[in-house]
Amino acid sequence: MSSPKPATPAIAEQQAELLGTLPFSDTQDFDDAARGLLGRRTPNAVTKPDGTVVWDNDTYGFLAGDAPDTVNPSLWRQSKLVAEQGLFEVVEGIYQVRGFDLSNVTFIEGTTGVIVLDPLISTETAAAALALYREHRGDRPVTGIIYTHCHVDHFGGVKGVTTQEDVDAGRVPVVAPAGFTEPAVAENVYAGTAMSRRAGYMYGAALARGPQGQVGAGLGQTTSTGTVTLISPTLDITHTGQEETVDDVRMVFQMAPGTEAPAEMLIWFPDHRALCTAEDATHTLHNLLTLRGAVVRDPHAWANYLTETIDLFGADVETVFASHHWPTWGNARIVEYLGTQRDLYAYLHDQTLRLLNKGFVGSEIAEQLPLPPALENAWHARGYYGSVSHNIKAIYQRYMGWYDGNPAHLWQHPPVEQGKRYVEFMGGADAVVEKARASYDAGDFRWVAEVLSHVVFAQPDHAGAKELLADTFEQLGYGAENGTWRSVYLSGATELREGNFGTPTQTASADIVAHLSPEMLFDALAIQIDGPKAWDHRVTADVVLTDADARYRLRLANGALTYSARPQRDDADVTITTSRANLPALAGGLDPARLAAAGIEVGGDTDALAKVHGILDPGDPDFDIVTP
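Position in the sequence shown counted from 1, then plus 24, gives you the working numbering.
In structure tokens, the structure reads:
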């Protein structure tokens with residue numbers, strides 16, 4: 025394995041300059057992050073039954089003292105705060121376990137037990153967090169589950185704290201915003217392969233922990249790698265102002281769809297004068313378009329919902345806590361905090377629109393739009409997870425799409441063909457690398473990354489280009505304030521030096537697939553059809569669900585797999601008969617023998633179904649990113 029390089033003088037100078045521009049003397053966040061500590065888990069390595077480590081917060085023990093030159097000092101500060109682990113009292117009756125996963129899990133005590141809010145990514149980490157809670161607060165039964173929104177770090181560990189049987193028996197209601205299940209499942213299936221591969225870069229899950237490696241993702245340290253599960257909601261929250269009581273805990277909900285998640289809600293606990301802001305107000309600028317990929321979020325709606333939050337709860341709130349980071353206490357501080365978060369998203373939205381209407385494109389706006397000093401110097405508005413740069417480009421994309429209006433950019437060559445032509449124009453690969461070394465020595469790392477990427481895509485075996493590009497990515501990572509930017513750059517360097525590390529965390533688990541509706545399952549199959557290979561195929565298949573009184577006609581024609589639930593006039597070529605519970609077996613393919621082995625009845629022209637199976641082309645979780 026190759027060894028990481030030290031920070032160059034240019035990066036060390038940048039880090040020193042940043043120390044003089046931000047308010048590092050403000051230590052309020054450190055007081056808040058430590059407040060209410062009841063106990064820690066020592067050691068804090070969480071494993072599967074077979075001993076596989078899925079989480080080890082102790083690997084961040086190096087986060088002490090001043091930042092080294094290889095870490096942006098602002099990100100170092102944030103990572104020290106986020107790495108704090110343990111059980112904390114938020115207010116009497118509300119407790120959080122932090123530092124057990126990318127997200128927090130919150131425990132709200134009721135009359136007979138405890139409600140679990142956002143049970144992490146993995147069953148193993150969620151179970152460990154519940155055990156720590158019970159160690160200090162008693163062996164209370166779980167009497168409710170709340171999902172604030174539809175991202176996997178807020179529901180994946182649910183079967184570590186309760187069971188499907190208890191939910192089905194009505195002993196444990198599962199509360200979630202209306203519309204939760206479809207995006208929760210679809211995000212991890214439709215584009216899940218590509219998202220998970222890119223998430224490996226974004227969270228640095230394959231990187232070594234340390235001052236020259238992964239130090240944290242800004243929102244949390246990284247993702248756990250345990251068992252992802254899902255239990256469907258039993259109680260939908262449909263409108264702002266809806267009140268519900270679970271185990272004598274009163275809750276008032278505020279809907280916030282289309283903000284940080286397609287389905288999201290904030291929760292007011294009036295008896296505690298405490299507000300859960302989910303991920304709509306945390307201690308970072310959040311993503312409007314996460315680097316792993318997602319639908320672009322709406323900063324205008326986000327800002328408006330935070331205004332509504334202040335209007336609804338600002339007069340009474342004394343504590344704010346979220347699904348990440350640490351709480352904020354005191355009414356005046358909270359109102360200022362929520363207002364600043366609101367103004368952050370409103371400013372980015374409005375100013376990006378102002379400048380795009382003057383003809384500037386996203387990359388230009390991102391380079392010229394400064395934040396107001398009040399936002400620039402607010403620690404909770406810093407770009408540790410989202411960044412001003414990529415959020416502005418996301419806003420531009422939301423309104424204007426990928427095309428910037430310049431005809432030269434309408435029909436560009438793809439990366440490999442671009443690379444070949446750039447390299448030829450610049451005098452050949454060796455000449456480009458030689459010139460790039462001079463730019464590297466001058467600290468112009470962004471330019472070096474641009475030109476050397478062309479060389480690597482044109483000549484992927486050029487050792488000098490790959491080595492210098494890896495060194496360049498490393499320096500860009502060292503300088504990044506954004507935790508995910510650092511991880512992306514260092515992951516790229518790692519793969520250039522050591523090869524493809526694949527996808528460390530895959531969230532399309534059996535539990536997720538089991539929650540696909542029939543329509544979503546057919547969509548998941550449709551996106552796997554190899555279109556060109558399917559041009560000449562004409563196949564119809566009926567899927568009959570024996571326990572749901574439902575029948576679907578699937579039709580493969582013109583390279584597209586479509587479906588309908590309406591009655592059909594003709595007979596299908598093949599009929600697939602199964603139960604709703606067994607339907608997810610189709611996600612593994614349409615091979616007739618395999619389906620029969622899974623207890624699914626296949627009648628009619630099984631050869632036709634086998635042909636459809638033969639042209640399925642599943643995603644590749646090991647696709648290349650920094651090389652062609």
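In this text, a Cβ means the ideal position worked out from N, Cα and C, and glycines have one as well.
Report task. Indicate the three-state DSSP secondary structure (helix, strand or coil) for His349 in the structure shown. Result -> Look at His349 here: in three-state DSSP terms it is coil, with no helix or strand label.
Report task. Report the partner residues of Gly410 according to the DSSP bridge assignment. Result -> Under the DSSP definition of a beta bridge, Gly410 lacks any partner.
Query - Sequence-distant residues of its chain with Cβ nearer than 7 Å to Trp326 (five each side left out) - result: Thr283, Asp304, Tyr369
Query raised in the report: Can the beta-carbon of Glu288 be found closer than 8 Å to that of Ala298?
Result: No.
Query raised in the report: Can you pull the DSSP bridge partners for Val270?
Result: Val273
Report task. Please name the residue in Asp646, Thr630, Gly613, Val77 whose C-alpha comes closest to that of His637. Result -> Gly613
Query - Proximal residues to Arg577 (C-beta, below 7 Å), its chain only, five neighbours per side dropped - result: Thr564, Asp566, Tyr587, Ser588, Gln592, Ala596
**Report entry** Helix, strand or coil at Thr149 according to DSSP, with G and I counted as helix
**Finding:** helix
Query raised in the report: Short check: CB of Gly555 to CB of Gly242, under 8 Å?
Result: no
Query raised in the report: Hey, out of Ala200, Ala152, Thr147, Arg158, whose CA is closest to Gly168's CA?
Result: Ala200
Query raised in the report: What is the DSSP secondary structure of Trp292, counted as helix, strand or coil?
Result: Here Trp292 sits in strand by DSSP.
**Report entry** Exposure label - Asp93; buried when at least 16 CB within 10 Å
**Finding:** buried
Report task. Within its chain, find whatever has a CB closer than 6 Å to the CB of His404; leave out the 5 residues flanking it on each side and keep chain order. Result -> His307
Requested in this report: Count the other CB atoms, across all protein chains shown, that sit within 10 Å of the CB of Ile649; report buried if there are 16 or more and exposed otherwise.
Outcome: exposed
Query - N- and C-terminal bounds of the alpha helix (DSSP H) containing Ile334 - result: 323-337
Report task. With a 10 Å radius around its C-beta and 16 neighbouring C-beta atoms as the bar for buried, classify Thr186 as buried or exposed. Result -> buried
Report task. Please confirm if the segment 171-180 is in contact with the segment 204-222, defined as three or more CB-CB distances below 8 Å between the two stretches. Result -> yes
Requested in this report: Give the straight-line distance between the Cα atoms of Gly228 and Ser511, rounded to the nearest whole angstrom.
Outcome: Between Gly228 and Ser511, the C-alpha separation is close to 5 Å.
Query raised in the report: Where does Met279 fall in DSSP's three states?
Result: Note: Met279 maps to strand in three-state DSSP.
Requested in this report: Have a look at Ala609, Leu231, Gly523, Gln188 and flag the residue whose alpha-carbon is nearest the alpha-carbon of Ser256.
Outcome: Gln188
Report task. From the DSSP output, in three-state form, read off Phe546 for me. Result -> helix
**Report entry** Inter-residue spacing [alpha-carbon to alpha-carbon] between Ser347 and Leu330
**Finding:** One Cα belongs to Ser347, the other to Leu330, and the distance between them is close to 16 Å.
Requested in this report: Can you give me the Cβ contacts of Ala572 inside the same chain, cut-off strictly under 7 Å, excluding the 5 residues immediately before and after it?
Outcome: Arg604
Query raised in the report: Is Phe525 near Ala230, with beta carbons less than 8 Å apart?
Result: yes
Query raised in the report: Where does Gln436 land, buried or exposed, given buried means 16+ other C-beta within 10 angstroms?
Result: exposed
Query raised in the report: Can you tell which of Asp367, Arg378, Lys183 has the C-alpha that lies nearest to the C-alpha of Pro396?
Result: Asp367
Query raised in the report: Leaving out the 5 sequence neighbours to the left and right, which residues in its chain are closer than 7 Å to Asp535 when beta-carbon positions are compared?
Result: Counting only Cβ-Cβ distances below 7 Å, and skipping sequence neighbours, we find Val252, Thr253, Leu254.
Report task. For chain C, find out if any of its Cβ atoms is closer than 8 Å to the Cβ of Asn355; answer yes or no. Result -> Looking at the structure shown, chain C is missing, and only one protein chain is on hand.
Requested in this report: Would you list the residues sitting across from Leu585 in a DSSP beta bridge?
Outcome: Leu580
Query raised in the report: Between which two residues does the beta strand (DSSP E) carrying Ile118 extend?
Result: 118-122
Report task. Let me know the secondary structure DSSP gives Glu498 once reduced to three states. Result -> Reduced to three states, the DSSP call for Glu498 is helix.
Query raised in the report: Leaving out five residues before and five after Thr71 in sequence, what residues of the same chain have Cβ atoms less than 6 Å from its Cβ?
Result: Val77
Query raised in the report: Any idea which residues DSSP pairs Gly63 with across the strands?
Result: Leu111, per the DSSP bridge assignment.
Query raised in the report: Where does Val30 sit, in a helix, a strand or coil, going by DSSP?
Result: According to the sequence displayed, residue 30 carries Pro and not Val. Three-state DSSP puts Pro30 in coil, outside helix and strand.
Requested in this report: Measure the beta-carbon distance from Tyr513 to Glu498 and round it to whole angstroms, keeping in mind my assumption that it falls under 8 Å.
Outcome: 7 Å
Query raised in the report: Expressed to the nearest angstrom, what Euclidean distance is found between the alpha-carbon atoms of Gln238 and Trp79?
Result: 14 Å
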